[in-house]
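For what it's worth, the working numbering labels the leading residue of the sequence shown as 21, then goes sequentially.
Beta carbons: idealized from backbone N, C-alpha and C, even for Gly.
Predicted model, so just to flag it, every value in this text is computed and none were measured.
Right, one structure below, let's go through it.
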Amino acid sequence: MKGHLFYGAVFFILAMVISACVQAETCPHWPAERLRNELNALEEQLARWDAAYYQRGQSLISDELYDSLRQKQQFWRICAGRAGEPPLPLLPAGKMPHPVAHTGLRKLTDRRAVARWLAERRDVWLQPKIDGVAVTLVYRQGKLAQAISRGDGRQGEDWLEKVRVIPGVPSTLAGAPDFLVLQGELFLLMTGHRQQVHGGVNARASVAGALMRNRPSERLAQLGIFIWAWPDGPPEMSQRLAQLAAWGFTLARDYTRPVSSVEDVIRWRERWFATPLPFVTDGVVLHQARSPSGRYWRNKPALWAVAWKYPPAEQVTRVERVMFRIGRTGKITVVLALDPLQLDDKWVRRVNIGSLARWRFWDIVPGDQVAVSLKGQGIPQVTRVAWRSVERPVLTAPDAERYHAFSCFTPQAGCRQQFIARLVWLSGPQGLMMNGVSEASWRMLVEHGRVKELADWLTLTPESLRTLPGVGDKQAQRLHQQFMLARRQPFQRWLLALGVPLSAEQLAGVTGWQQAKRLPTHIWQRQAGVGDKRAAQLVAFFRQPALQRVANSLQRQHIAGFADDALSDPDVDN
């Protein structure tokens with residue numbers, strides 16, 4: 021019977037892990053041996069962090085990242101077919117038994133799950149989910165007799181000497197039962213902490229560190245306690261809260277609210293997330309007022325209480341691919357393709373980590389686990405590498421010396437990305453303003469050989485466009501219309517489309533390619549905002565052989581500003 025109960029609990033926990041992960045993550049596409057090696061390495065690292073945290077009171081990783089990697093471990097166990105093993109780490113069990121077992125909390129994932137849970141229950145109350153360390157307090161004849169760490173839920177460490185130092189824990193309770201068991205959270209006292217703004221600040225690790233030291237530390241005076249369970253207490257929640265407050269445990273009364281709908285839960289959850297509180301939180305907990313007698317409690321998720329956590333400020337996800345993007349000017353940026361993850365209301369599948377130098381500094385390869393957060397305006401960013409894959413494939417990056425402002429005016433080998441980027445710029449709002457002509461449009465034209473040079477699109481007809489796969493009459497006419505409209509753009513707009521390093525205002529006096537090509541450096545310097553460096557860039561721009569070839573093509577198409585009898589440069593064009 022005990023075995024059935026154990027495996028039932030394991031299955032229940034695993035189901036919760038799956039529900040938390042399955043939305044965004046799939047099992048790694050690794051051979052079984054690699055998955056086994058990666059999982060073993062992660063578990064060894066988690067064990068080292070656990071030893072530092074629980075035995076020495078040292079936090080070597082943020083609480084959020086630890087939780088994410090612990091969840092990753094549980095998920096990989098499922099992927100590896102190890103679901104029958106105990107999926108959760110056992111905290112230091114200690115030797116002191118709990119009079120009433122500590123239960124766990126099943127985590128609900130969204131408002132629909134909360135609504136379903138509420139629909140089956142009555143008399144439900146909501147509390148903040150305090151981010152601290154769980155403890156059992158035992159009072160005998162009104163005096164504090166035991167303080168026991170959560171441990172494995174059945175037995176824990178003796179914390180009495182340290183808990184006595186905490187100001188918020190009364191040493192005596194007037195009118196208490198002869199034998200009283202309370203369960204709660206020891207937390208770091210904060211002033212005006214706003215979870216939405218300040219995040220977790222590693223508060224849990226600070227509390228654990230203070231309690232794991234051999235002797236009481238000054239940090240203990242900065243701790244408080246929130247009582248969230250009174251096994252075998254008064255049947256009504258209001259009675260329990262009133263009595264706890266009378267004994268000095270006032271926080272439970274101040275931060276426990278009745279809820280009857282998911283809207284009630286959301287309102288308080290959002291309020292506690294945004295407003296100043298005296299503690300760090302990581303979500304909310306829903307309690308059914310009535311619970312079984314304490315002798316029936318077990319160290320597994322309770323049926324009468326659940327948690328709905330806040331979305332973490334940063335989450336860990338797996339890198340699927342490392343992609344190198346070459347832009348119009350030859351700048352190379354590195355983009356990571358990720359297992360999809362949700363941050364706030366945004367799904368993140370890719371993140372730009374910047375230059376090749378930054379990528380090499382991060383040393384990120386497929387299989388690594390990275391922490392991702394949202395910065396200003398909701399842009400995802402990698403904040404750290406949370407876990408490095410054991411197997412590290414060697415990636416070949418593009419040669420940065422090969423790409424620059426005047427490379428890749430044709431889609432030759434190794435140049436397709438930059439060439440297409442030039443076309444996208446040319447047709448975009450900063451260039452010729454072609455509506456509906458996207459990167460996908462240019463990619464199709466390049467891949468099917470219709471555009472081999474920067475001005476080839478000017479020669480395309482509706483008939484030739486219709487021969488492309490998936491292009492019908494309407495799309496062919498629309499593309500051709502945009503190409504024809506682009507012909508009428510003024511010369512200055514064409515220069516911007518070709519990437520001249522000037523603004524439209526600075527180009528106001530430039531009326532033709534030959535005129536611009538003849539201008540020396542000191543003339544360019546007379547333009548507002550043009551210094552020595554920019555002037556040299558402009559001279560180089562108009563004298564580039566690759567750009568001269570483009571200008572010659574535009575002359576043949578009778579584009580304004582290029583249609584000059586003296587335009588062609590025989591040394592370039594022939």
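{"Query": "Along the chain, where does the alpha helix (DSSP H) that runs through ALA228 open and close?", "Result": "223-232"}
{"Query": "Taking the straight line between their C-alpha atoms, what separation do you get for GLY456 and TRP379?", "Result": "34 Å"}
{"Query": "Given 8 Å as the limit, is there contact between the region 63-70 and the region 85-101, that is, 3 or more CB pairs closer than that?", "Result": "yes"}
{"Query": "So, helix, strand or coil for ASN60, using DSSP?", "Result": "helix"}
{"Query": "Would you say LYS320 and THR156 are within 8 Å of each other, going by their C-beta atoms?", "Result": "no"}
{"Query": "Going by Cα to Cα distance, which pick from VAL371, GLY229, HIS307 and GLY551 is closest to ARG8?", "Result": "Within the shown structure, residues of the chain are numbered from 21 to 594, placing residue 8 beyond reach of any answer."}
{"Query": "Classify TRP250 as buried or exposed, calling it buried when 16 or more other Cβ atoms lie within 10 Å of its own Cβ.", "Result": "buried"}
{"Query": "Using 8 Å for Cβ pairs, my map puts ARG174 next to PRO117. What's the rounded Cβ distance?", "Result": "7 Å"}
{"Query": "Would you report the Cα separation of PRO331 and ILE286, rounded to the nearest angstrom?", "Result": "13 Å"}
{"Query": "Considering only DSSP beta bridges, list what PRO400 is partnered with.", "Result": "LEU394"}
{"Query": "Leaving out the 5 sequence neighbours to the left and right, which residues in its chain are closer than 8 Å to PRO298 when beta-carbon positions are compared?", "Result": "LEU209, MET210, THR211, HIS213, GLY244 and LEU271"}
{"Query": "Per the contact definition of three or more C-beta pairs closer than 8 Å, is the region 418-433 in contact with the region 398-408?", "Result": "no"}
{"Query": "Just the C-alpha distance for ILE98 and THR301, rounded to the nearest angstrom, thanks.", "Result": "29 Å"}
{"Query": "Taking buried to mean at least 16 other C-beta atoms within 10 Å of its own C-beta, is THR337 buried or exposed?", "Result": "buried"}
{"Query": "DSSP three-state label for THR270, please.", "Result": "helix"}
{"Query": "Skipping 5 residues on each side, what residues in its chain have a beta carbon closer than 6 Å to that of HIS468?", "Result": "LEU488"}
{"Query": "Judging by CA-CA distance, which residue of LEU146, LYS329 and VAL201 is the nearest neighbour of GLY220?", "Result": "LYS329"}
{"Query": "Rounding to the nearest angstrom, what Cα-Cα distance links VAL355 and GLY451 in this structure?", "Result": "25 Å"}
{"Query": "Which of the three DSSP states, helix, strand or coil, is assigned to HIS307?", "Result": "strand"}
{"Query": "Determine the burial state of GLY581: buried for a count of at least 16 other Cβ atoms within 10 Å of its Cβ, exposed for fewer.", "Result": "buried"}
{"Query": "How would you call GLN216, buried or exposed, if buried means at least 16 neighbouring beta carbons within 10 angstroms?", "Result": "exposed"}
{"Query": "Would you kindly report the start and end of the unbroken beta strand (DSSP E) that includes PRO482?", "Result": "Looking at the DSSP string, PRO482 is not in any beta strand (DSSP E); the run it does join, the alpha helix (DSSP H), is 482-486."}
{"Query": "Between PRO148 and ALA357, what straight-line distance do the alpha-carbon atoms span, to the nearest angstrom?", "Result": "35 Å"}
{"Query": "If you follow the beta strand (DSSP E) that VAL371 is in, where does it begin and where does it stop?", "Result": "366-375"}
{"Query": "Can you grab the Cα-Cα spacing for the pair VAL392 / PRO312, in whole Å?", "Result": "41 Å"}
{"Query": "Please classify ASP151 as buried or exposed, where buried requires at least 16 neighbouring CB atoms within 10 angstroms.", "Result": "buried"}
{"Query": "Identify whether TRP50 lies in helix, strand or coil by the three-state DSSP scheme.", "Result": "coil"}
{"Query": "How many Å lie between GLY519 and ARG463 at the Cα?", "Result": "19 Å"}
{"Query": "List the DSSP bridge partners of ARG160.", "Result": "LYS163 and PHE199"}
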